[in-house]
Each structure stands twice: as structure tokens, then as C-alpha cells.
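2 protein chains.
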Amino acid sequence: MKTVLTVLMSCMLSAGAIAAPANDPATLGQIRDAAMKSDYAYERLADMTDLIGPRLSGSPGAAAAVEQVAAAMRKLGATVTLQPVKVPHWVRGAETAELVDYAGRPAGLSQRVVLTALGGSGATPAAGLTAPVIVVRDFDELKARAAEVKGAIVLFDVKFDQEMADRGLAGPAYGNGSRYRTLGPKIASQMGAAGFLVRSVGGADFRIAHTGATALSEADRIPAAAVTAEDSMLIARLSKRGPVKMHLTLTPQNLPDADSFNVIADLPGTDKADEIVVVSGHLDSWDLATGANDDGTGVAGAMGVLQTLKALNLKPRRTIRMIAWMNEENGTRGGAAYHAANKDSILKQFAAMESDSGGGRPFGILASVEAKAEKHFAPVMAALQPIGAGVFTRRDHVGAADLALLEKDGVPLFQPQVDTSTYFHYHHTPADTLDKVDPENLRRHVAVMSTLSWYLANMEQPLGRAPVVEK
Amino acid sequence: MKTVLTVLMSCMLSAGAIAAPANDPATLGQIRDAAMKSDYAYERLADMTDLIGPRLSGSPGAAAAVEQVAAAMRKLGATVTLQPVKVPHWVRGAETAELVDYAGRPAGLSQRVVLTALGGSGATPAAGLTAPVIVVRDFDELKARAAEVKGAIVLFDVKFDQEMADRGLAGPAYGNGSRYRTLGPKIASQMGAAGFLVRSVGGADFRIAHTGATALSEADRIPAAAVTAEDSMLIARLSKRGPVKMHLTLTPQNLPDADSFNVIADLPGTDKADEIVVVSGHLDSWDLATGANDDGTGVAGAMGVLQTLKALNLKPRRTIRMIAWMNEENGTRGGAAYHAANKDSILKQFAAMESDSGGGRPFGILASVEAKAEKHFAPVMAALQPIGAGVFTRRDHVGAADLALLEKDGVPLFQPQVDTSTYFHYHHTPADTLDKVDPENLRRHVAVMSTLSWYLANMEQPLGRAPVVEK
Ligand SMILES: [Zn+2]
Ligand SMILES: [Zn+2]
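So the protein lines, in turn, are chains C and L. Here full-length UniProt numbering is used: the first residue of the first sequence is 1, the next is one more, and so on. Here full-length UniProt numbering is used: the first residue of the second sequence is 1, the next is one more, and so on.
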């Protein structure tokens, strides 16, 4: 039961919020503290992962997630728009493989290989195909062995550099491996390969396969899959003993593009309502898991920003726009749709933030602002220092997938910096589940995103444009 | 090319070995050092896992492994016997599950559950069965909810105590969980359950299911599976929101008992050849992985003992008997067959050793000898000290599965003590593969087993009988 005093205080707070200097340290601290006390984001993450599950573009899960997030944002009182996006529609099928011949094989035996189809993979015949496996380490070796590639299954046995990830360079370590996954199938196909395999791009050793996107198109579609690190090493070892032959069955379907949406929820601004601060994550996930880290935490975090500011009855000068992107994983069509709709008034996109590095412990903010703008962020970093998230890192280029086109057009990008040392253990695997997200880290996540969103929406100083535009 | 000197030295060594005092420190050190330089055991392990793969009792892999180990032992010059064993023959089938209804489920959606059938599991209809899931934590809760069990699928959501494993108590931690897996299906079946699920007994968080044996028999066979820790937690969370319904498909087959063998390879003794020192591991594995740790390392280690002594041309007084047991995992019929064949002359079984705790770093020896015999082992422990394996631990009861009947009849048991803190991450999962075994740890393993085998085969002091027989 509310006391008269509580109601009075609440009214005073409500009225007072608009009048107070928008970016005073007290308000920033109040936002941080409110975020650190709220279970809202974790509850949204639990609803998304436990009730819906995987959310690959075009799937019923993705459609249910659009509805669920929109409903939650409407319930908060935000202005919700569903922005139409046509998305690729790829559906996983059967996926099995056996090594049916190799030197030293006892008669009648074959070895099972654990693998998972990559996004956009073509299908083998329903009964599978049998072909020799060629093991290579890089594109140069592939080219040098071009004569062997025709009719073969090419395996890129490239070890994930976990030591690099442990040194804080998980992103580059991932990039080193994922380019073989992304570009390899197309190149192998053009060289006449019957199929493509890549060692899973990730650091875990639990015989789990990591899926992901490929650059395959209708013209060059071949069966393409990620094998587990263990199976990749097995094939590499056996191929040192002699030729290895695989029976491979992959029956995914590439269906016509499907209708889907970006979920856009606005907390309208006051005097600068036409200027937009985007805070976002991507709503689609891969189909193997419930995408708690990739990128449930980003979406739940962005939803938490609106809830935190709403709960405090804070009204930003610029509009704070929560976006739950569709199709980051295999097309970035959501980012493209938003860019297309806004490119003619791109200067109204004041700043944009995406969280897509998982729910690890946040330690600061990464930003593609001009060097001279860096000093403006001292108040927000001071507010985040008490939760261990006071590190501001400026770069010319941030490049979050859904925001890449905005950045190219000069919109400064922001993203939380988080501990990603184990992110690629789980990334794109069946193990990216709710239990991997620490609720306290998610609160910190919301605190970082809320404080920064509020600050951006109210800052007086010129922010300028992203340096990348000047290249 | 051998020089004349080398040949001469080799002859002198060969002749000298028999005459020297059998258990002198120099010989023990020589055995240890030879083991630490040899790749023999690792090569055998690679052949077993890479060329054959899984070796579940009754499978073609198990049959191939019997042949492979016997051939390798014959090649060494050991006296090889195949001891017939009738083994259970259980074959995995399809295994899928979906949560088809739960509170908050968006229309048309279902959630996939990752699981794997347990040994001896019965089958659902080919099209699966649908039933409510009852989540319980222990047998008391199961009994208290007896009315709900009839027609339901019972899930034991019991968390593996990894902290206990980290404290060096992996075995007891495993026992706390595995009793639900072993006994739960039978008890649930007798209460009228339609199916049984257990949270995987193991400490990893990579959504992998751990299979294992059950006490199910023809009279009470129901479908029984292990779900991953992640899926168990999901079901537990959803069941807090309301009733949960699962569609479960498991189609394993329980076939008639199959013919198989223990592989026995003797290095014959000299003056006490009728007394036997058993050194062993189990040759069968679960069917999900290549069983590198469970128990490829045990078998390869035992094979390495014979190779080490043969290479040094050492001839033990007692016969050293390498045994690769069949059917440890789901029946221990191999251990029973050996016991039945030897129980009438049990005093001739001088001592028996089994390694079945994986290939983690060895730190010593566990033994079920009388307290007064402990002091006799000082020389062997001194020899193992330089490789960090000098800890001797005496217990009244060791109880290695294949040797349990021997111990009950008074045969002192020995096993290497190894670091098992991560053993149950991989145990009985698809991830128990060759890459998990560190070759250097396997060399240490062989060093421990060889030195101890030699010592036991030559010791002058009375060893006595296992304390357990006195109970
Ligand atoms: Zn992502
Ligand atoms: Zn075992």
C-alpha cells in the first residue's frame, strides 16, 4: 500500500525529472543504480529463451519473438513499430557423416563424425554422397591442391586461437577462423568441390559443432558443414595415414525469402525528439540453441534501457529507440532495411549502440567517435566506474553488424565492452543457453547501456560523426 | 646400424637382468625411465580410438578391438588367450525429444531437448510417446509424489557436484549422481512411470548428454535417457511456470546376448609363474565416443607395461598378466568370467591392478592391502617420486569394477591415483576422444603401472590378502 508521502515523492520526482539538468552526475548514478537493482532484463531474456527458444530468421520462433518483444515494449508504454524485413529462410535438415574408408580401418567399421550444417548450405542427395576428404589449412594450400579438389569434400582444419581470445582478442581470433567458414564454401564450390567442411570456429573441447553463415548463393551452393574440433583433428590424423573417404548427408532447405520485422520501440524525446539514439541487439539467433548470449543479452539489455528510464520517469531530449534487429546472423537484412528507411535523413541518427558480444562482464564502452569527442564522455564513465565498467575505448571503426551501414554514413557507434574470453566456446552452438548468462552481469550490462543512452540523448556538446566516414 | 658394442651391451643387459636382485632401485628406475621415453602406449591408444572408435559390448567395434589388442600383444611375444564372455547387446536407436506444451508457450512452438538413451533403455513406440514430465530431486520426493508418477515421464534434476570433484572427490560426486541414473529407471518403472530422465551426471556445461548403465531388466524396461544439464534446468524452470508435456522418441534395441572376449596376454613368470599379477583396463567403451579416457588409457597403459618390460628384457618371477576386460560398462561380465575361471585357485591371484579413472596426471597408487603391508611399497614409491607419483594410499577397499569379485575373495587391488577433476566432464559423452589424453600423462601412467607390476611380480615380502575379505 502506498503512503501519501510515497505518492507525493513519486509525483515530485516525476515532475522534477524534466526540469533537472539532464546529464548531472546524480541522474546518471540514479540510472545505474536502478539498473543494478532490476530483474527486468533477465526476466525478458528468460521469456525469450525458455518460452520461445531458437529464433532463426524465417522460423516460427523468430515470429513469436517479434510478438513477444513488441508486446513487452507496448506494456512499458513505448511507441512500437514493426519494420518489415524480407529475410532468408534456411531450414536445417538431417545431418550425419561417417568415415567409410581410411588406412587401417577394420573391415565393416566406419567412424561417426559430428557436424552441423552451415547457414545457406546446399543439400546432398537424401541418401547422402560419398567422396574423398582433402584436409587443408588455408586458402593457399587449397589452391596448391586444386587438382585434388574436384569431386572431393574439402576440410579446413584451422585451430581456433583460444590463447588470443584469452588475451582479450576474441573478436580477431574469431575472424581468423570464420573467414574460412564464410568464404571457404564458395571458393571450394567454384573449384569443383562436392562438399565443404570447416573445423568449428570456437575454443571449447566438448565435441560440439559451431554453425554460422556462409557466402554461398544459388549459383554455387554445395553442402557445407562445421565439424567439431575433435572430428576435424581425427580426420586430419587419419589423412596422415592415407586417403580418407566420407559419406555425408545434409538435407537443409533454402526456401523463398520470408516476411519478418525489426521491432522498434521509441521512448520519445522532448525538445529534440527528431534526433535518434539507437540502442539495440539482434533478435534472431541460430537454430541450435536459444541464443541467450547471441544475442538475447543484447535485446534484453536494450529492452532494459527503456524499462530503467521509464521506471525512473526520465524523459530524454532526443528519442531513445530500442531496436531488436531481425536477421543479423545470416543476411543483416534488418540493418539494411533500417538504413534504407533513414539514409535520406541520416543526420537525424545521432548515435547508435548495439550489444552483440554476449553477456560476459562489461568493463566499459567502445565508440567510433572523433578523438575530440572523447572527453565529453567523462561523466558517463565516472558513473560507470563503481560497477567496474569505466573503460572508454575510442576507435575509428566499431562496425557492429546491424549498424555497419549507419556507421559508413557517419553515425557514431557505441557498444559495451565485455569479457569475451569464453564467448566463442558457446557461440553458435547448442550450448548458448540461459544458464550461461549471469544475472548480475546482465544488470551491469543494462546499467552501461542505460547510462550511456541517457547521456547521448541529452548531451549538449557536439558529438560529430563517425571517423570512418572521412576515409 | 648396431655397433658391436651395442650388441654386446644389449646381451649383457639381457643376461644380467635375470640374475640381478629383482626389486633393486636401479631396475625400478630403469623401468620408470623406459616408460617415460616410450610412445608405445599412446600409439596403441591412437590405433584403438582413431581406427576403431566406440567399443560397446556386442558391437563390431568391440570385436575389432579384441582382435587389435590380441594382435599387438602377440607381436610383443606375449602369450595371448581370448577368454569367452557372453555380453549384453544393446544398440542405440533414434533419440529425440520436444517439450510440446508448457505455460507461456507461443502457439505452434515446441522446444527441442537434447538427450541420449541410457544403457538398457527400453523403446518408445517408433512415433514416440507424449506424457507430462514430473521433476524431482531425490527418491524421497519421487515417493512423496507417487500419485503423479503413473503415466508420467520422471526427471531427476540432480546437479553434479563439481566443487566436490575439484576437491579431489570426483568418484563420490559421481556416485551421488549416478545412483539416480542407475536405480531411478527401475524404481520409476515399478511406480508406473512411462519414461525416465536423469540430468547428465557430469560437470561440463556444453549441452552434452552423458550416457551410462541402468539397473533395468526385461521385467521393468521403460524408455530411459540422460538429458543435458541445460535441458534439465530448462524443464525444471518451465515446470515452475506450470505443467510441462514432452514428446519422447527413443528406439534402442535390447538384443540377445552376444559372444565376446577378455583379452589376456601373459608375460610368463620364472620361478613363481603360477602366481599371477593382473594389470588391466577395460576394452569396452560407451558408444557415443571413442572412449580414449574411459578406458582406452587403462588398456593402453596395461599394454604398455608388457612392452616396457619386454623392451628391457626383464623377466618377472611371477606371471604378469595384461587383461583388457570386456563389458565393464554395462554388465561387468568380463570380470565375472575371469573370477569364475579362477575362484577355485584364488590364492594364485597374487595381486590385481586396474586403471579406470582416465588419463589425468597420475600422482600415486591406491591399494587395498593390509596396514602391515604398506611399508613394503617404499621402494616402488621412491622410484615414482621423481615423476610426481609417489603418493601411496591404503584403503580397506578399492573396488575397481572388473576386479570387485577378486577383491571380495581376498585379492589385493591396486590402481593408479590420477587427477580426476575434469574426468567427469567428458565421461560417457561424445567428447571422450583421443585429443583429451596428454601423451606425457599417459607415459607417467605406464611408468606407474610398469614399476608397480614389476615390483609386485618380484616382491619377497608377504603381501597378504585384501582387508575387505576380513569383514
Ligand atoms: Zn550475434
Ligand atoms: Zn570405465
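Cβ coordinates follow ideal geometry from the N, Cα and C atoms, glycine included.
Every residue whose Cβ sits closer than 5 Å to any heavy atom of ligand 1 is listed here in chain order: C/D294, C/D295 and C/D356.
Here DSSP, grouped into helix, strand and coil, assigns L/E163 to helix.
The C-beta separation of C/V468 from C/K408 comes to about 7 Å, placing the pair in contact by the 8 Å criterion. By the criterion of at least three beta-carbon pairs nearer than 8 Å, the segment 41-52 of chain L is in contact with the segment 98-114 of chain C.
Not one beta carbon of chain C lies nearer than 7 Å to the beta carbon of L/A117.
With respect to the 7 Å criterion, L/I153 and L/A209 are not classified as neighbours on the basis of their beta carbons. At a cut-off of 7 Å between beta carbons, L/D259 makes no contact with chain C. Contact of C/A204 with chain L by beta-carbon distance below 8 Å involves F206.
Under the DSSP assignment, C/T451 falls in the alpha helix (DSSP H) whose first and last residues are P439 to N458. Closest in C-alpha terms to C/T116, from the list C/S59, C/A26, C/L155 and C/A94, comes C/A94.
Distance from the CA atom of L/G301 to the CA atom of L/G358, rounded to whole angstroms, is 10 Å. In the three-state reduction of the DSSP assignment, C/E329 falls in the coil class.
For L/L109, the closest Cβ of chain C is nearer than 7 Å. Taking 9 Å as the Cβ-Cβ cut-off, the segment 231-264 of chain C approaches chain L at D231, M233, L234, R237, L238 and R241, given in chain order. The beta carbon of L/K186 sits closer than 8 Å to those of T214, A215, L216, S217 and D220, all from its chain and outside the five residues before and after it, given in chain order. L/V113 carries a strand assignment under DSSP once its states are collapsed to helix, strand and coil. Among the bridge pairs identified by DSSP, C/V278 is matched with C/R321 and C/A352.
Look at L/E370 here: in three-state DSSP terms it is coil, with no helix or strand label. Judged by their CB atoms, C/F350 and L/A431 are not nearer to each other than the 7 Å cut-off. With fewer than 16 neighbouring CB atoms inside 10 Å of its own CB, C/P172 falls in the exposed class. Scanning chain C for C-beta atoms nearer than 7 Å to the C-beta of L/D39 yields nothing, as the closest lies near 14 Å away. Interface residue (Cβ-Cβ distance to chain C less than 7 Å): L/L312 is not classified as such.
Non-local beta-carbon contacts of C/G242 in its own chain, meaning distances under 8 Å to residues more than five positions away in sequence, involve Y102, A103 and G104 in chain order.
If you compare the alpha carbons of L/G58, L/E43 and L/L463 with that of L/S368, the shortest gap goes to L/L463. Residue nearest to L/K37 within the set L/S450, L/R443 and L/A466 is L/R443 (criterion: CA-CA distance). In the DSSP assignment, C/M246 falls within the unbroken beta strand (DSSP E) covering K245 to L250. Within the same chain, Cβ atoms closer than 6 Å to the Cβ of C/I320 are found at L267, V277, S453 and A457, the five residues on either side in sequence being excluded. The beta carbon of C/Y42 lies closer than 8 Å to those of A300, V437, P439, L442 and R443 in the same chain, with the five residues before and after it left out. DSSP places L/S260 in the strand class (E or B) of the three-state scheme. With the criterion set as a beta carbon lying under 9 Å from some beta carbon of chain L, the members of the segment 47-69 of chain C are D47, T49, D50, L51, I52, G53, P54, P60, G61, A63, A64, A65, E67 and Q68, in sequence order. As DSSP reads the structure, L/K272 sits in a beta bridge with L/R318. Look at L/L129 here: in three-state DSSP terms it is strand. Look at the beta carbons and you see the segment 145-152 of chain L touching the segment 118-135 of chain L: at least three pairs across the two are nearer than 8 Å. Looking only at L/V66, L/E98, L/A401 and L/L76, the smallest Cα-Cα distance to L/H247 is reached by L/E98.
At the C-beta level, C/V448 and C/P416 come within 7 Å of one another. For L/R92, there are no neighbours in chain C by C-beta distance under 8 Å, as the nearest C-beta there is about 11 Å away.
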